[in-house]
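Counting from 375, one number per residue, gives the positions in the sequence shown under the numbering used here. Heads up, the beta-carbon is just placed ideally off N, CA and C, and yes, glycines get one too.
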Amino acid sequence: MTGTQGTASTATGRTVARRTVVAAAGAVGLGAALVACGSDDPADSAAKTPADDGANGDSGSGGSGGQGEVLAKTADIPEGGGKVFEDKGVVVTQPTAGEFKAFSSVCTHSGCTVGSISNGTINCPCHGSQFDAANGSVKKGPATKPLPATAITVEGDSISLA
């Protein structure tokens, strides 16, 4: 064996060990993977939310979400289900007839927007976390923290942010 096996020369004439080159390449790849998984950009989470199929969406009220703003009519929230208002950052559920609850629509696992409500759970499409539609607690991970409650008021047939 020669003394140069497993090394490479740089443009400056310095010798770099193969081990250093492989480690650097691995670090670059790991960094790229972490950046892709850990984005805090709201546009990224919107891209991860499935297309509106009529089960999600808004009430057409527009705006940027403020106190007292009507989110929906009570008839718009199905019993045992709910509706995601992505633009308001809230999900409203009706666990039992006439009982309305609201929670943050941002999954506590990695910040994706929850996508649907079915069979008594609020479901995140990114990694499969499920939250109880009655109290926001985690029913299935990987999330470990519940969805924070959001204050709403129900007056007549209107549901509003409190």
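*Could you say which of 487, 466, 483 and 486 lies nearest to residue 477 if we only look at CA atoms?*
The residue given as residue 477 occupies position 103 in the sequence shown. The residue with the shortest Cα to Cα distance from residue 477 is 466.
*DSSP beta-bridge partners for residue 497?*
Indexing the sequence shown from 1 puts residue 497 at position 123. Bridge partners of residue 497: 490 and 504.
*Buried or exposed for residue 460, please, with buried defined as at least 16 other CB atoms from any protein chain shown within 10 angstroms of its CB.*
Within the sequence shown, numbered from 1, the residue matching residue 460 stands at position 86. Buried.
*When 393, 500 and 495 are compared against residue 470, the one with the closest alpha-carbon*: Numbered from 1 along the sequence shown, position 96 holds the residue referred to as residue 470. Ranking 393, 500 and 495 by Cα distance to residue 470 puts 495 first.
_From 517, 445 and 457, residue whose alpha carbon lies closest to that of residue 484_ = By one-based count along the sequence shown, residue 484 stands at place 110. Of the listed residues, the one whose Cα sits closest to residue 484 is 517.
*Look at the alpha carbon of residue 468 and the alpha carbon of residue 509, and state the distance between them as a whole number of angstroms.*
One-based indexing of the sequence shown puts residue 468 at position 94. One-based indexing of the sequence shown puts residue 509 at position 135. Cα to Cα, residue 468 sits roughly 11 Å from residue 509.
_Delimiting residues of the beta strand (DSSP E) encompassing residue 466_ = Position 92 of the sequence shown, counting from 1, holds the residue named residue 466. Taken as a continuous stretch (DSSP letters only), the beta strand (DSSP E) holding residue 466 covers 464 to 470.
*Any chance the stretch 526 to 535 sits against the stretch 441 to 453, with 3 or more Cβ pairs inside 8 Å?*
yes
*Limits of the beta strand (DSSP E) - the one that residue 521 falls within*: Taking the sequence shown and counting its residues from 1, one reaches residue 521 at position 147. From DSSP, residue 521 is part of no beta strand (DSSP E); its letter is neither H nor E.
*asked:* Looking at the strands, I want to know which residues DSSP matches up with residue 475.
replied: Counting from one through the sequence shown, the residue named residue 475 turns up at place 101. According to DSSP, which records beta bridges pairwise, residue 475 is partnered with 467.
_Run through the DSSP bridge pairs and tell me what residue 456 is partnered with._
One-based indexing of the sequence shown puts residue 456 at position 82. In the DSSP assignment, residue 456 forms a beta bridge with 467.
*Going by beta carbon distance, what residues of the same chain come within less than 8 Å of residue 514, once the five residues before and after it are set aside?*
Translated into the one-based positions of the sequence shown, residue 514 becomes position 140. Counting only Cβ-Cβ distances below 8 Å, and skipping sequence neighbours, we find 495, 502, 503 and 504.
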